[in-house]
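Heads up: the structure comes next, in structure tokens.
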Amino acid sequence: ASNGSSAGVANCRCFLDLLSRAEQGIPEETLVKAELLLQNAYAPPDPGAAPSPVELMTVHRAKGLEFDVLFLPFLDWNPLSGGRGSHPPYLLERLPGSTGELLIAMAPDRRRDKSASFYQLLRKIGERKRLAEAKRIFYVAATRARRSLYLSGIVRVRNGEISPRKESPLGWLDKHYGLKQSENGELVAENNSFLDLHLNPVLTSVDPDEPAKATDLPEPLPFEPEPLPYNTVAPSQLTEKVEQLQGEEDDPYARARGTVTHRLLEYLGKEDPMPPT
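Here this note's numbering is used: position 183 in the sequence shown is 187, and no number is missing along the way.
Quick look at the structure:
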């Protein structure tokens, strides 16, 4: 604990707790259970992150909070992309302005090549709802900043003009402020006098030839493997093992001695007089 951070100590405690839950009494079964638990394990929260001045969180988690400096990336996000596919088998939407009535429409049959106007209507209603929710989330995120707000996103440049995605936060800003690229390659806004805009800002580079600093690790703890308490053999391997043992029989009288021994044990079990020698 004295050589590691609070996050390392938390990870160690989480791992030890996982090992205690994986204990099965047999080392091999305990190892199998531990591997299964590790596949679904997550890193515990860093105890030292609470007093840190930097926090990383989603927009939903930041609702109701405020920060002096806020970084909001991925403004090229398209709210209409992703999902189960461009043409789901059916659409279910709530009727706008109603108190709870639902509308459902089945997807058109591609083999018959028939238009489905009602299906397209529900599709447009769903897209409008998703865009409205995305704009609400963007508003919540942007209003979390007290003093400074940094917005970033990827934008394409076509024929000397920037071309952001139409239905994205960057596209909404472009439509409102009139973003464009000037003759000297700078990003300007026609309807703005307070935004500080930068196109392809220069980042500080890292020297790839600089050798990485080696970390001194402590000596590993002593470990001695334990012998297996049992062997797992498949039923199909039993016949092969018996045939192998029979093939390795060198003493021609071993079978006779075994037969005589079992016969004597049978006499003793029945309490019969022993046969004459």
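Cβ atoms here follow ideal geometry from the backbone N, Cα and C, with glycine treated the same way.
Legend entry - Start-to-end residues for the beta strand (DSSP E) that takes in Asp-72: By one-based count along the sequence shown, residue 72 stands at place 68. Taken as a continuous stretch (DSSP letters only), the beta strand (DSSP E) holding Asp-72 covers 71–76.
Legend entry - Alpha carbon of Glu-190 to alpha carbon of Ser-56, nearest angstrom: Counting from 1 along the sequence shown, the entry for residue 190 is found at position 186. Counting from 1 along the sequence shown, the entry for residue 56 is found at position 52. The alpha-carbon atoms of Glu-190 and Ser-56 are separated by roughly 35 Å.
Legend entry - Bounding residues of the alpha helix (DSSP H) (the contiguous stretch that carries Lys-170): Numbered from 1 along the sequence shown, position 166 holds the residue referred to as residue 170. Per DSSP, Lys-170 belongs to no alpha helix (DSSP H) and is neither H nor E.
Inset, instruction - Kindly identify the DSSP beta-bridge partner or partners of Ser-152. - result: Counted from its first residue, the sequence shown places residue 152 at position 148. Partner(s): Val-73.
Inset, instruction - Classify Arg-88 as buried or exposed, calling it buried when 16 or more other Cβ atoms lie within 10 Å of its own Cβ. - result: Taking the first residue of the sequence shown as position 1, residue 88 is located at position 84. In this predicted model, Arg-88 has a pLDDT of only 49, less than 50, meaning its place in the structure is not dependable enough to derive any value.
Inset, instruction - Within its chain, find whatever has a CB closer than 6 Å to the CB of Ala-66; leave out the 5 residues flanking it on each side and keep chain order. - result: Translated into the one-based positions of the sequence shown, residue 66 becomes position 62. Result list for Ala-66: Arg-148, in chain order.
Inset, instruction - Determine contact between the stretch 93–111 and the stretch 70–84, defined as no fewer than three beta-carbon pairs at a distance below 8 Å. - result: no
Inset, instruction - Can you say whether Gly-175 is buried or exposed, counting buried as having 16 or more other CB atoms within 10 angstroms of its CB? - result: Along the sequence shown, read from residue 1 onward, the residue named residue 175 stands at position 171. Its Cβ being crowded by 16 or more others within 10 Å, Gly-175 is buried.
Legend entry - Among Ser-167, Ile-158 and Leu-69, nearest to Arg-150 - alpha-carbon criterion: Counted from its first residue, the sequence shown places residue 150 at position 146. Nearest Cα to Arg-150 within the set Ser-167, Ile-158 and Leu-69: Leu-69.
Legend entry - Contacts around Leu-177, its chain only, beta-carbon distance under 7 Å, and the 5 residues preceding and following it disregarded: Numbered from its first residue, the sequence shown carries residue 177 at position 173. Excluding residues within five positions, the ones whose Cβ falls inside 7 Å are Leu-183.
Legend entry - 4-residue-minimum alpha helix (DSSP H) runs that sit fully inside the stretch 19–56, ordered along the chain: Counting only unbroken stretches of 4 or more residues, the alpha helix (DSSP H) elements lying wholly within the stretch 19–56 are 31–43, in sequence order.
Inset, instruction - Report the three-state DSSP secondary structure of Arg-98 (helix, strand or coil). - result: Stepping through the sequence shown from its first residue, residue 98 is reached at position 94. Arg-98 falls in the strand class under three-state DSSP.
Legend entry - Limits of the unbroken beta strand (DSSP E) element including Ala-193: Locating residue 193 in the sequence shown gives position 189, where the first residue counts as 1. Unbroken beta strand (DSSP E) run through Ala-193: 191–193.
Legend entry - Nearest-angstrom Cα separation, counted from Phe-19 out to Tyr-143: Working through the sequence shown from its first residue, we reach residue 143 at position 139. Working through the sequence shown from its first residue, we reach residue 19 at position 15. Computed Cα separation, rounded: 40 Å.
Inset, instruction - Please work out which residues of its chain come closer than 7 Å, Cβ to Cβ, to Leu-126, disregarding the five sequence neighbours upstream and downstream, and give them in chain order. - result: Position 122 of the sequence shown holds residue 126. Correct list, in chain order: Leu-95, Glu-97, Leu-107 and Ala-109.
Inset, instruction - Give me whichever residues DSSP pairs with Arg-162 in a beta bridge. - result: Here residue 162 refers to the residue found at position 158 when the sequence shown is read from its first residue. DSSP lists Glu-165 as partners of Arg-162.
Inset, instruction - Classify Ala-5 as buried or exposed, calling it buried when 16 or more other Cβ atoms lie within 10 Å of its own Cβ. - result: The residue given as residue 5 occupies position 1 in the sequence shown. Legend: pLDDT at Ala-5 = 49, less than 50; position of this residue unreliable, no value from coordinates given.
Inset, instruction - Check Lys-184 in the structure and name its three-state DSSP category. - result: Mapped onto the sequence shown, residue 184 falls at position 180. Of the three classes helix, strand and coil, the one that applies to Lys-184 here is strand, per DSSP.
Legend entry - Anticipated Cβ contact below 8 Å, Tyr-271 with Pro-279, distance rounded: As a working mapping, residue 271 is identified with position 267 in the sequence shown. As a working mapping, residue 279 is identified with position 275 in the sequence shown. With 8 Å as the limit, Tyr-271 and Pro-279 qualify as a contact, their Cβ atoms being about 7 Å apart.
Legend entry - Beta-carbon proximity of Ser-152 to Val-159, cut-off 8 Å: In the sequence shown, counting from the first residue as 1, residue 152 sits at position 148. In the sequence shown, counting from the first residue as 1, residue 159 sits at position 155. Result no, Cβ atoms of Ser-152 and Val-159 do not sit closer than 8 Å.
Inset, instruction - Would you decide whether Pro-239 is buried or exposed? Buried here means 16 or more other CB atoms lie within 10 Å of its CB. - result: Working through the sequence shown from its first residue, we reach residue 239 at position 235. Pro-239 is exposed by the Cβ-count criterion.
Inset, instruction - Can you give me the Cβ contacts of Ser-156 inside the same chain, cut-off strictly under 6 Å, excluding the 5 residues immediately before and after it? - result: Counting from one through the sequence shown, the residue named residue 156 turns up at place 152. These residues qualify, in order along the chain: Pro-77.
Legend entry - Pick from Leu-60, Leu-201, Ala-111 and Val-237 that is closest to Tyr-123, judged by C-alpha positions: The sequence position of residue 123 within the sequence shown is 119, counting from 1. Considering only alpha carbons, the answer is Ala-111.
Inset, instruction - Could you tell me the distance, in whole angstroms, from the CA atom of Asp-50 to the CA atom of Glu-187? - result: Counting from one through the sequence shown, the residue named residue 50 turns up at place 46. Counting from one through the sequence shown, the residue named residue 187 turns up at place 183. Whole-angstrom Cα-Cα distance: 48 Å.
Legend entry - Alpha carbon of Ala-136 to alpha carbon of Leu-35, nearest angstrom: As a position in the sequence shown, residue 136 is number 132, starting the count at 1. As a position in the sequence shown, residue 35 is number 31, starting the count at 1. Each residue's Cα considered, the two are about 50 Å apart.
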